[in-house]
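Novice: Pasting a structure here, questions to come.
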Amino acid sequence: MAGSYKGTCFCGAVEVEVTGQPNAMGYCHCRSCRSWSGGPVNAFSLWPTDAVKVTKGAEHVETYHKTDMSHRQFCRLCGGHLMAVHPPLSMIDVFAATLPGLPFVPVVHVNYAETVLPIKDGLPKLKDFPAEFGGSGDVIPE
Numbered sequence: 000m001a002g003s004y005k006g007t008c009f010c011g012a013v014e015v016e017v018t019g020q021p022n023a024m025g026y027c028h029c030r031s032c033r034s035w036s037g038g039p040v041n042a043f044s045l046w047p048t049d050a051v052k053v054t055k056g057a058e059h060v061e062t063y064h065k066t067d068m069s070h071r072q073f074c075r076l077c078g079g080h081l082m083a084v085h086p087p088l089s090m091i092d093v094f095a096a097t098l099p100g101l102p103f104v105p106v107v108h109v110n111y112a113e114t115v116l117p118i119k120d121g122l123p124k125l126k127d128f129p130a131e132f133g134g135s136g137d138v139i140p141e
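Just so you know, numbering that gives the first Met the number 0 puts 65 at position 66 of the sequence shown, and the rest follows in order with no gaps.
Right, dumping it as structure tokens:
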């Protein structure tokens, strides 16, 4: 899947490009992601920080971080969500919806203990995060 994928905010003032391959793709069910995205689940694509570039409209990108783990970025003109920088992980979650041409191939559900939308798709359902990201790594039943 290595390649280059482009996306924009809701109004198109900010353009983002990712290159290479994401480290992981999946779904987050935590309350924080649900509240931020306005949906019952957030589809994520995690990229190395050097694989993500704002190619247009960087002056319109604002950042909000409730915690040190997630620095959420959005367009200040339209409010469109773009990505979440995760400094402790050295990765950036470019929301799958931001990259319409990206072949989204999810491999995991994280924070499934908080789900409000049970999904039966055969993918692993982690109670919280993988152990290597500071979670328990516990898998819970679908």
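Just so you know, even glycine gets a beta-carbon here, dropped at the ideal spot from N, CA and C.
Closest by CA to Val17, which one among Leu76, Lys126, Cys29, Leu81?
Specialist: Leu81
Novice: Does the region 42-52 touch the region 120-134, meaning 3 or more C-beta pairs lie closer than 8 Å?
Specialist: no
Novice: Helix, strand or coil: which one does DSSP assign to Leu88?
Specialist: helix
Novice: By Cβ distance below 7 Å, which residues in the same chain neighbour Val13 in space, the five residues on each side in sequence not counted?
Specialist: Counting only residues of its own chain and dropping the five nearest sequence neighbours on each side, Val13 has a CB closer than 7 Å to the CB of Thr7, Val53, Lys55, Gly56, His59, Val60, Cys74, Leu81.
Novice: Thinking C-beta only, is Cys27 closer than 8 Å to Val158?
Specialist: Here the chain has residues from 0 to 141 only, and residue 158 is not among them.
Novice: Less than 8 Å between the CB atoms is what I'm expecting for Phe94 and Phe43, so what's the real figure, rounded?
Specialist: 7 Å
Novice: Drop a sphere of 10 angstroms on the beta-carbon of His108, count the other beta-carbons inside from all chains shown, and report buried for 16 or more, exposed for fewer.
Specialist: Under a 10 Å Cβ-count criterion, His108 is classified as buried, with 16 or more other Cβ atoms of the shown protein chains found around its own Cβ.
Novice: Apart from the five residues on each side of it in sequence, which residues of its chain come closer than 6 Å, Cβ to Cβ, to Cys32?
Specialist: Asn41
Novice: Thinking C-alpha only, which one of Lys119, Ala83, Thr97, Ser34 is nearest His70?
Specialist: Ala83
Novice: By DSSP, does Cys10 sit in helix, in strand, or in coil?
Specialist: In this structure, Cys10 counts as coil in the three-state DSSP scheme.
Novice: Cα-Cα, which of Trp35, Ala1, Val115, Asn110 is closest to Gly19?
Specialist: Of Trp35, Ala1, Val115, Asn110, the residue nearest in Cα terms is Ala1.
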